[in-house]
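Comments concern the structure below.
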Amino acid sequence: MKNIPLIITSLLIFILTGCSSSKGVSYGDPQKVETLTIEFGSTDLNTVAETMAFSLGQSSVIANAPTPQIVTLAEIKNKTREYIDTRAITAKIRTALTKTGRVKFAVSIDEMSSQTDELERQNQSGLYSESSVNQLGGMEAAKFRLEGSVTSIVKQTKDVKDVYYLFNLTLVDNQTGLVEWADEKEIRKVENR
Amino acid sequence: MSVIIGCSSTPSIEDVSTKSGSTDDLEIREIRTTVKNNILVVQVSIFDDGQKDLGSYRFDWMNEQEVSLHLEAWKPLPSTPGEIIKLQGIAPSPEATKFRFDLSSVD
Chain C
1 MKNIPLIITS LLIFILTGCS SSKGVSYGDP QKVETLTIEF GSTDLNTVAE TMAFSLGQSS
61 VIANAPTPQI VTLAEIKNKT REYIDTRAIT AKIRTALTKT GRVKFAVSID EMSSQTDELE
121 RQNQSGLYSE SSVNQLGGME AAKFRLEGSV TSIVKQTKDV KDVYYLFNLT LVDNQTGLVE
181 WADEKEIRKV ENR
Chain G
194 MSVIIGCSST PSIEDVSTKS GSTDDLEIRE IRTTVKNNIL VVQVSIFDDG QKDLGSYRFD
254 WMNEQEVSLH LEAWKPLPST PGEIIKLQGI APSPEATKFR FDLSSVD
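Residue numbers (the numbering used here), protein chains in the order written: chain C, 1 to 193; chain G, 194 to 300.
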């Protein structure tokens with residue numbers, strides 16, 4: 001008998017907790033600032049890609065060209081100790097620049113395999129009409145390549161962790177080897193524990 | 194909204210910016226524009242009066258008819274209490290002749 005109020009109280013707490021639980025899936029805004037952890041995240045990816053893409057887009061070599069320049073994506077070296085998908089950065093830059101209509105991208109080294117596979121399939125399988133087949137030797141070479149690197153400096157004490165990222169991007173003329181454009185983006189993230 | 198004429202101009206802040214969320218300690222002091230290689234470049238000066246919550250910003254680039262051409266992702270504002278932050282936005286294409294600057298707090 002003495003335990004009945006305790007049992008009832010426990011039951012009520014159990015029921016109320018169950019009713020107020022917030023499980024389930026919800027959609028978030030992919031463009032919003034994310035500060036979940038100090039690691040490289042979606043906000044950093046968006047910030048770097050947009051800043052670099054528009055900076056390149058307003059450079060004289062791109063903006064003042066009479067026709068769209070042909071660029072290929074080379075490697076962005078990850079010199080940090082963290083996993084950063086640098087291809088995601090270059091993919092976003094490529095999308096942003098392609099939308100402007102002032103840059104055309106040639107297939108990169110990584111994408112060459114699928115390009116040659118498709119050409120071989122069309123030319124050697126005997127399945128396609130001659131008039132529709134894309135001929136070998138018709139690819140357009142890129143005038144420029146986009147390459148760069150990301151480095152980081154990490155410092156931490158018992159209470160604070162400070163991470164500094166530095167992204168460098170350059171546009172190199174494939175014929176002359178000259179750097180026609182370069183820019184960098186710095187990001188500093190601080191975590192207080 | 195301001196129409197960009199000539200090389201540089203100072204549009205009215207109220208006409209080209211919005212503030213939302215907890216941004217009372219962030220004051221947009223000045224917005225300046227210029228055109229470089231036919232591309233609109235905007236510089237925004239913000240005074241941080243000890244903003245407690247993390248702030249974020251973005252540019253919405255529009256054409257002459259104020260149709261949005263590109264809405265940027267939100268970017269974090271560096272925390273610099275007592276200092277003026279200068280932010281630069283570069284339009285994605287020559288068609289973007291107008292813009293809106295959004296300031297917000299991060300949820």
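The beta carbon of each residue, even a glycine, is placed where N, CA and C say it ideally should be.
Q: Indicate whether the contact test is met: 3 or more Cβ pairs, each with one atom in the region 70–78 of chain C and one in the region 28–37 of chain C, closer than 8 Å.
A: Contact between the region 70–78 of chain C and the region 28–37 of chain C is absent: fewer than three C-beta pairs spanning the two stretches fall below 8 Å.
Q. For Tyr165/C versus Thr176/C, is the C-beta spacing smaller than 9 Å?
A. Cβ distance not < 9 Å, so Tyr165/C and Thr176/C don't count as in contact.
**Q.** Cβ-based neighbour list, Asn174/C, same chain, cut-off 7 Å, excluding 5 preceding and 5 following
**A.** Ala142, Lys143, Phe144, Arg145
Q. What does a CB cutoff of less than 8 Å around Ile224/G pick up in its chain, not counting 5 residues either side in sequence?
A. Thr203, Pro204, Ile206, Val209, Ser210, Val235, Gln236, Val237, Ser238, Phe294
Q: At 9 Å on the CB atoms, spell out the chain G contacts of Gln31/C, in chain order.
A: Arg251, Leu264, Glu265, Ala266, Trp267
Q) Helix, strand or coil: how does DSSP classify Ser195/G here? A) Residue placement at Ser195/G is poorly supported in this model, since its pLDDT is 36, which falls under 50; the coordinates still yield a value, given next. In the structure shown, Ser195/G sits in coil (DSSP, three-state: anything other than H, G, I, E or B).
Q.
Does the contact criterion of 3 or more C-beta pairs under 8 Å hold for the region 251–258 of chain G versus the region 80–97 of chain C?
A. no
Q.
Any contact between the region 90–100 of chain C and the region 45–61 of chain C? By contact I mean 3 or more CB pairs, one from each, below 8 Å.
A. Inter-segment contact for the region 90–100 of chain C and the region 45–61 of chain C is present: three or more beta-carbon pairs are separated by less than 8 Å.
Q) How many Å lie between Ser298/G and Gly138/C at the Cα? A) 52 Å
Q. How many angstroms separate the CA atom of Gly243/G from the CA atom of Lys189/C?
A. 18 Å
Q) Mind checking if Gln122/C is an interface residue toward chain G, Cβ cutoff 9 Å exclusive? A) no
**Q.** 6 Å CB neighbourhood of Ser215/G in its chain, flanking five on each side removed
**A.** Asp246, Ser298
**Q.** the region 23–30 of chain C in contact with the region 56–69 of chain C per 3-pair CB rule at 8 Å
**A.** no
Q: Could you check if Gln281/G is buried or exposed, using at least 16 other CB atoms within 10 Å of its CB as the buried criterion?
A: exposed
Q. For Asn134/C, which residues of its own chain have a beta-carbon under 7 Å away from its beta-carbon, when the five flanking residues on both sides are left out?
A. Leu119, Gln122
Q | Assigned secondary structure, Met112/C (DSSP; H/G/I helix, E/B strand, else coil) | A | helix
Q.
Pull the bridge partners of Ala182/C from the DSSP assignment, please.
A. For Ala182/C, which the question treats as bridged, DSSP gives the partners Thr170/C.
Q: Consult DSSP for Thr90/C and reduce its assignment to one of helix, strand or coil.
A: helix
Q: Closer than 6 Å by C-beta to Val196/G: which residues in its own chain qualify, once you throw out the five before and the five after it? Chain order, please.
A: The pLDDT assigned to Val196/G is 34, lower than 50, so where the model puts this residue is not dependable; a value taken from the coordinates is nonetheless given after this. Answer for Val196/G: no residue qualifies.
Q) Name the chain C residues that come within less than 9 Å of Val234/G, Cβ to Cβ? A) Gln58
Q. Could you give the C-beta distance for Ile277/G and Pro271/G, rounded to a whole number, given that I count them as a contact under 8 Å?
A. Actually they do not touch by this definition, with Cβ atoms about 11 Å apart.
Q: Run down chain G in chain order and give the residues with a C-beta less than 8 Å from the C-beta of Thr100/C.
A: Pro285, Ser286
Q. Of all Cβ atoms in chain G, is any one closer than 9 Å to the Cβ of Asn46/C?
A. yes
Q) At a CB-CB cut-off below 7 Å, which residues of chain D make contact with Lys229/G? A) The structure shown contains no chain D; the protein chains it does contain are C and G.
**Q.** Residues from the region 62–91 of chain C in contact with chain G, defined by Cβ distance under 9 Å
**A.** For the region 62–91 of chain C, which is checked against every Cβ of chain G, the residues closer than 9 Å are Ile62, Ala63, Asn64.
Q. Exposed or buried, which one is Gln58/C when buried takes at least 16 other CB atoms within 10 Å?
A. buried
Q. Three-state secondary structure (DSSP) at Ile38/C?
A. coil
Q: Kindly give me the distance between the Cβ atoms of Leu262/G and Pro285/G, rounded to whole angstroms, as I take these residues to be in contact under 8 Å.
A: 7 Å
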